[in-house]
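Residue numbers 113 to 352, in this note's numbering, belong to the letters of the sequence shown in order.
Backbone N, C-alpha and C define an ideal beta-carbon position, used for all residues, glycine too.
A short write-up of the structure that comes next.
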Amino acid sequence: MQFFRAINSVKAMTFDLDDTLYNNEPIIRQAEAALNTHLKQYHPKAAALTPTHWQQLKRDAITANPTYSSDMGKLRLAVLNAALIHDIPPQDTHTLDAAVQACFDCFYHARSEFDLADDVHKTLSILSENMTLVGITNGNVNADQIGITPYFDTILHASTSRPMKPSRAMFDEAASFIGDAPENILHVGDNIIKDVYGAINAGFQSAWFACNREMHLPRERASVLPHVALDSLDELAYFL
């Protein structure tokens, strides 16, 4: 544990999820593979689209509706809808809607098909018994499916009405829910910009922890220092 700023008493904590509690990259690859298998079986023309084409569909969806840049679920639904019209006539809205939803459900289930490490469960359990915990995530992992719902009093997901971090919108909403001053809330996250800068900009304290890479500040796009950098998640018990 390395301190960069003085820390006030911690009365509550907020948590990023992806790459803080689990390594998200291989999970997303797993979900993309599951979706691709589904597409090959049921929608071969969409499955044959190149990665460049998929990226263009994503850009087009965000251009058409900029709020989708903060809502990974709605963005993926829009992209799938645009891709599947290569296999299903767009005028057949019932069939197209059902196919898009089936593809989305396939991805979403695979995206949340993993187990958290035992030490993460242990740490969250200890913390949740002593203070309010709130999740703040730009992603759309299924908290029930991965088994973290019991630890959190609520989990805020970025959406069309909740701009993504580093916007302070979800931090402000979390502080209002918790009912404590932001300076007594510690936000834990892996991303220096989205989590550390976002938290400090909202008046929170910030604990930097990344489970998916070696933590070395000079390699990060750091514009602000966290209050503390953790060597392991269980060090959060120090603040109880």
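Legend entry - Start-to-end residues for the beta strand (DSSP E) that takes in Gln317: Gln317 to Trp320
Inset, instruction - May I ask you to verify whether the stretch 210-223 touches the stretch 239-250, counting CB pairs closer than 8 Å and requiring at least 3? - result: no
Inset, instruction - Under 7 Å Cβ to Cβ from Pro338, same chain only, skipping five residues before and after it: list those, please. - result: Phe116, Val308, Ser318, Ala319 and Trp320
Inset, instruction - Could you name the residues of the same chain whose beta carbon sits closer than 8 Å to that of Glu137, not counting the 5 residues immediately before and after it, in chain order? - result: Asp131 and Asn324
Inset, instruction - Could you tell me which uninterrupted alpha helix (DSSP H) segments, each at least 4 residues in length, are contained entirely in the stretch 212-263, listed from first to last along the chain? - result: 230-240 and 255-258
Legend entry - Those residues which DSSP pairs with Tyr134 across a bridge: Asp130
Legend entry - Separation of Asp209 from Ser273, as counted between CA atoms: Looking at the two C-alpha atoms, the distance is approximately 23 Å.
Legend entry - Cα-Cα separation, Met125 to Asp346: The straight-line gap from Cα to Cα measures roughly 13 Å.
Legend entry - Three-state secondary structure (DSSP) of Ala118: coil
Inset, instruction - Helix, strand or coil for Ser271, going by three-state DSSP, please let me know. - result: strand
Inset, instruction - Could you round the C-beta distance between Leu268 and Tyr134 to whole angstroms and report it? I think they count as a contact, below 8 Å. - result: Not really, about 18 Å apart at Cβ, beyond 8 Å.
Inset, instruction - Going by CA-CA distance only, name the one from Ser335, Ala190 and Ala211 that's closest to Trp166. - result: Ala190
Legend entry - For Asn313, the nearest candidate out of Leu298, Glu326, Ala159 and Met327 (CA to CA): Leu298
Inset, instruction - Would you identify the three-state DSSP class for Leu208, choosing helix, strand or coil? - result: helix
Legend entry - Minimum C-alpha distance to Lys186 - residue among Arg223, Asp199, Asn252 and Pro201: Asn252
Legend entry - Span of the beta strand (DSSP E), counted from its first residue to its last, around Val336: For Val336, there is no enclosing beta strand (DSSP E), as DSSP marks it with neither H nor E.
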